[in-house]
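>
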């Protein structure tokens with residue numbers, strides 16, 4: 087895979103690029119024409135089986151069959167912040183990603199909400215050289231997708247609990263997509279990789295150990311949710327309902343018929359990963375597929391406490407569109 091490229095700036099410096107002023111200014115142009123219908127729709131997501139419900143629907147062509155007059159583009163990006171930038175610039179209409187970038191955007195005025203979740207996942211910090219956060223402190227770089235990714239929030243919460251300072255590891259953080267982060271960890275370029283399924287499983291098989299688990303610091307939580315702006319939701323209600331139904335159907339297949347789901351996921355990769363490999367990934371106990379958003383308010387409260395955001399939602403409805411999938415979300 088060649089030399090890994092990563093941002094070497096510490097988390098605090100990276101977060102400076104996400105100033106409230108910049109996001110609010112961008113959000114002002116995010117809405118576009120109020121309630122306008124769109125025939126050209128881009129759905130963006132990141133690598134990994136955390137997006138399996140979308141990938142199953144993509145491989146089945148569910149949306150393309152239901153909306154033959156719409157041009158639907160599926161786009162893979164390496165971070166939730168990149169997806170957020172695409173939505174703000176109106177190059178992306180629907181995004182899927184972790185809690186961190188979504189919460190930062192919502193706190194800073196981007197008019198978007200979650201309309202369905204994809205899964206819950208126990209995210210893990212993997213290392214080949216350290217057995218604890220104390221040993222990892224000062225020992226090398228720690229990779230994750232972005233400065234405000236869900237992984238960065240997990241690391242800060244673990245640092246607060248185990249080291250007494252949420253920001254003590256900030257200068258060690260570098261931004262890398264999951265595939266590059268795994269490669270960097272295994273080649274010894276970095277000391278830690280806070281990642282997601284299946285990359286944490288691959289690291290484990292290659293001799294790394296898990297030293298932080300997100301469920302231990304936050305309890306069970308959503309990994310990825312699907313979101314859009316209020317205006318796009320209003321102007322494209324039929325498409326959103328179709329996408330919700332497609333995701334819900336995929337979630338049911340992933341949970342009830344993993345053989346069929348794995349076969350579809352293997353086809354989606356062009357055969358680069360076998361159905362057997364993918365079945366192992368989607369049936370491990372560190373990921374479950376669910377449409378109900380869980381844990382957003384818990385993450386937001388901690389993010390406010392450590393200065394990642396300035397305000398938390400007054401109620402769940404501030405984060406979630408009202409529908410059967412978000413009912414009871416937290």
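Numbering (the working numbering), first residue to last: 87 to 416.
For each residue, glycine too, the CB sits at the ideal point set by N, CA and C.
Remember, it's a predicted structure, so these values are computed and weren't measured experimentally.
Where does residue 436 land, buried or exposed, given buried means 16+ other C-beta within 10 angstroms?
This structure does not reach residue 436, given that the chain is present from 87 up to 416, and the question cannot be answered.
> Where do the N-terminal and C-terminal ends of the alpha helix (DSSP H) with residue 212 fall, by residue?
Along the chain shown, one-based indexing puts residue 212 at 126. Unbroken run through residue 212 is the beta strand (DSSP E), 210-213; no alpha helix (DSSP H).
> Here's the rule I'm using: 16 or more other beta-carbon atoms within 10 Å means buried, otherwise exposed. How should residue 162 be labelled?
Here the question's residue 162 lines up with position 76 in the chain shown. Classification for residue 162: exposed.
> Please classify residue 281: is it buried, with 16 or more other beta-carbons within 10 angstroms of its beta-carbon, or exposed?
As a first step, residue 281 is located in the chain shown; it is residue number 195 there, counting from the start. Buried.
> How many whole angstroms separate the CB atoms of residue 273 and residue 212, which I take to be in contact at a CB cut-off of 8 Å?
The residue you call residue 273 lines up with position 187 of the chain shown. The residue you call residue 212 lines up with position 126 of the chain shown. About 13 Å separates the two Cβ atoms, so there is no contact after all.
> Note down, one range per segment and in chain order, each alpha helix (DSSP H) of at least 4 residues found wholly within the stretch 270-330.
Entirely contained in the stretch 270-330, the alpha helix (DSSP H) runs reaching 4 residues are, in chain order, 285-291, 300-304, 316-321.
> Once DSSP output is grouped into helix, strand and coil, what is the label at residue 195?
Residue mapping note: residue 195 aligns to position 109 of the chain shown, counting from 1. Note: residue 195 maps to coil in three-state DSSP.
> Are at least three pairs of beta-carbons, each pair with one atom in the stretch 353-370 and one in the stretch 167-182, less than 8 Å apart?
Judged by Cβ distances under 8 Å, the stretch 353-370 makes no contact with the stretch 167-182, as fewer than three pairs qualify.
> Is residue 171 near the ligand GTP, with its Cβ less than 7 Å from a heavy atom?
Summarising the ligand content, the structure contains no ligands, and the ligand GTP is consequently not present.
> Please report how far the alpha carbon of residue 399 lies from the alpha carbon of residue 411, in whole angstroms.
If you number the chain shown from 1, residue 399 lands on position 313. If you number the chain shown from 1, residue 411 lands on position 325. So the alpha carbons of these two residues sit roughly 19 Å apart.
> On the CB-based measure, 16 or more other CB atoms within 10 Å of its CB, does residue 128 come out buried or exposed?
Here residue 128 corresponds to residue number 42 of the chain shown, with the count starting at 1. So residue 128 ends up on the buried side.
> Give me, in chain order, the residues of the same chain whose beta-carbon lies closer than 6 Å to that of residue 298; leave out the 5 immediate sequence neighbours on both sides.
Stepping through the chain shown from its first residue, residue 298 is reached at position 212. The answer, listed in chain order, is 211, 244.
> In whole angstroms, give me the CA-to-CA distance for residue 366 and residue 122.
Reading the chain shown from its first residue, position 280 is the one you call residue 366. Reading the chain shown from its first residue, position 36 is the one you call residue 122. Their Cα atoms are separated by approximately 42 Å.
> Just to confirm the assignment, what range does the alpha helix (DSSP H) spanning residue 262 have?
Numbered from 1 along the chain shown, position 176 holds the residue referred to as residue 262. Neither: residue 262 is in no alpha helix (DSSP H) and is coded neither H nor E.
> Just to check my reading of the structure: residue 136 and residue 373 have Cβ atoms closer than 8 Å, yes? What is that Cβ distance to the nearest angstrom?
Within the chain shown, numbered from 1, the residue matching residue 136 stands at position 50. Within the chain shown, numbered from 1, the residue matching residue 373 stands at position 287. Confirmed, Cβ separation roughly 7 Å.
> So, for residue 286: in the same chain, excluding its five sequence neighbours on each side, which residues have a beta-carbon less than 6 Å away from its beta-carbon?
The residue given as residue 286 occupies position 200 in the chain shown. For residue 286, where only same-chain residues beyond five positions count, the Cβ hits under 6 Å are 210, 212.
> Along the alpha helix (DSSP H) that carries residue 368, what are the first and last residues, could you check?
For the purposes of this step, residue 368 is identified with residue 282 of the chain shown, where counting begins at 1. Here the alpha helix (DSSP H) through residue 368 covers 361-368.
> Excluding the 5 residues flanking residue 160 on each side, which residues of the same chain have their C-beta closer than 7 Å to its C-beta?
The count along the chain shown starts at 1 and reaches residue 160 at position 74. The residues are 129, 144.
> Three-state secondary structure (DSSP) at residue 202?
Within the chain shown, numbered from 1, the residue matching residue 202 stands at position 116. If DSSP states are grouped into helix, strand and coil, residue 202 belongs with the strands.
> Tell me which residues share the same chain as residue 100 and place their Cβ nearer than 6 Å to its Cβ, disregarding the 5 neighbours each side in the sequence.
For the purposes of this step, residue 100 is identified with residue 14 of the chain shown, where counting begins at 1. Its pLDDT being 38, under 50, residue 100 is placed unreliably in this model, and the coordinates cannot settle the point.
> Hey, how far is the Cα of residue 270 from the Cα of residue 320?
Numbered from its first residue, the chain shown carries residue 270 at position 184. Numbered from its first residue, the chain shown carries residue 320 at position 234. For residue 270 and residue 320, the distance between alpha carbons rounds to 43 Å.
> Can you have a look at residue 132 and say buried or exposed, based on whether 16 or more other CB atoms are within 10 angstroms of its CB?
Within the chain shown, the letter at position 46 stands for residue 132. With 16 or more other Cβ atoms within 10 Å, it is buried.
> Leaving out five residues before and five after residue 126 in sequence, what residues of the same chain have Cβ atoms less than 7 Å from its Cβ?
On the chain shown, position 40 is the one that residue 126 refers to. The residues are 157.
> Give the DSSP-derived three-state secondary structure of residue 334 in the structure shown.
What you label residue 334 is simply residue 248 of the chain shown in a count that begins at 1. Here residue 334 sits in helix by DSSP.
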